[in-house]
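Enquirer: Before I ask anything, let me first share the structure, which is written out below as structure tokens.
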Amino acid sequence: MAEDAITLITRDHREMERLFDRLENERDQRPRLLDEVEAMLTAHSRAEEDEVYPVVVRTTGEVPQVRHSAEEHQEAEELLGRLRDCEPDSDTFDERLREFVDAVKHHVEEEESEILPALKRAVGQKRVTELGTAFSRRRAEELELFDPASAKIPKQRLYEQARHLDVPNRSKMSKEELAEAVQEARQH
Numbered sequence: 001m002a003e004d005a006i007t008l009i010t011r012d013h014r015e016m017e018r019l020f021d022r023l024e025n026e027r028d029q030r031p032r033l034l035d036e037v038e039a040m041l042t043a044h045s046r047a048e049e050d051e052v053y054p055v056v057v058r059t060t061g062e063v064p065q066v067r068h069s070a071e072e073h074q075e076a077e078e079l080l081g082r083l084r085d086c087e088p089d090s091d092t093f094d095e096r097l098r099e100f101v102d103a104v105k106h107h108v109e110e111e112e113s114e115i116l117p118a119l120k121r122a123v124g125q126k127r128v129t130e131l132g133t134a135f136s137r138r139r140a141e142e143l144e145l146f147d148p149a150s151a152k153i154p155k156q157r158l159y160e161q162a163r164h165l166d167v168p169n170r171s172k173m174s175k176e177e178l179a180e181a182v183q184e185a186r187q188h
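Going by the UniProt record's numbering, the letters in the sequence shown line up with residues 1 to 188, in that order.
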């Protein structure tokens with residue numbers, strides 16, 4: 001049986017919180033964990049903005065709150081970019097990590113206390129389940145763009161992943177070589 005959008009969204013929120021804990025405590029794994037966070041954050045945000053938020057706007061009139069949530073997605077992506085610019089074992093990383101985590105947790109609290117309950121009140125369970133299917137499909141499409149083995153991932157994204165994983169000689173690699181090197185680096 002398909003899961004509803006509210007269940008899927010809140011499950012992603014809990015998984016993101018687990019990743020935050022790991023980022024704080026597993027310093028040697030930070031480059032790999034940042035890749036996971038970026039993939040999940042991007043896929044989750046795009047799926048919400050493309051599949052769930054338009055329904056919330058049409059059925060609840062929560063236009064300002066939905067606009068605010070979309071802006072918070074953008075802010076989180078910008079904070080994540082600033083975090084990636086730091087050395088993973090630096091004090092600056094720790095400071096920016098706290099700022100990023102606080103911003104995402106604030107967003108999650110607002111979404112779970114305002115947007116998702118408004119959606120649940122406005123549409124029936126059948127529609128929330130249909131939204132779950134659409135959310136899940138859109139999320140999977142976005143996640144595929146982060147999979148180094150995917151033919152759909154752009155070479156530039158592979159290069160950025162290789163840079164963050166400190167893969168040597170990455171500037172001389174083909175797209176296929178970058179994909180292989182990224183996969184290898186993540187396994188270590």
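The beta-carbon is built from N, C-alpha and C at its ideal position, and this holds for glycine as well.
Looking at C-beta atoms only, is the number of pairs between the segment 71-84 and the segment 170-181 that lie closer than 8 angstroms three or more?
Expert: The answer is no - the segment 170-181 does not touch the segment 71-84, with fewer than three Cβ pairs under 8 angstroms.
Enquirer: Cα-Cα, which of 186, 145 and 164 is closest to residue 46?
Expert: Closest by alpha carbon: 145.
Enquirer: For residue 79, would you say it is in contact with chain D, using Cβ-to-Cβ distances shorter than 8 angstroms as the test?
Expert: Among the protein chains of the structure shown there is no chain D, as only one such chain exists.
Enquirer: Using three-state DSSP, classify residue 135 as helix, strand or coil.
Expert: Reduced to three states, the DSSP call for residue 135 is helix.
Enquirer: Are the CB atoms of residue 88 and residue 18 nearer to each other than 8 angstroms?
Expert: No; because the gap between Cβ atoms is not below 8 angstroms, this pair is not in contact.
Enquirer: Could you tell me the boundaries of the alpha helix (DSSP H) in which residue 69 lies?
Expert: From DSSP, the alpha helix (DSSP H) with residue 69 extends over 63-84.
Enquirer: Among 165, 169 and 174, which residue has its Cα nearest to the Cα of residue 183?
Expert: The shortest Cα separation from residue 183 among 165, 169 and 174 belongs to 165.
Enquirer: Could you tell me which of 53, 102, 142 and 174 sits nearest to residue 156, measuring between CA atoms?
Expert: Comparing Cα-Cα distances from residue 156 to each of 53, 102, 142 and 174, the minimum goes to 174.
Enquirer: In its own chain, which residues sit with a C-beta less than 7 angstroms from the C-beta of residue 56, not counting the 5 before and 5 after it?
Expert: The residues are 62, 66, 115, 118 and 119.
Enquirer: In its own chain, which residues sit with a C-beta less than 6 angstroms from the C-beta of residue 123, not counting the 5 before and 5 after it?
Expert: Counting only Cβ-Cβ distances below 6 angstroms, and skipping sequence neighbours, we find 59.
Enquirer: Can the beta-carbon of residue 132 be found closer than 8 angstroms to that of residue 10?
Expert: No; because the gap between Cβ atoms is not below 8 angstroms, this pair is not in contact.
Enquirer: Have a look at 53, 105 and 96 and flag the residue whose alpha-carbon is nearest the alpha-carbon of residue 83.
Expert: If we check each option's Cα against that of residue 83, 96 comes out closest.
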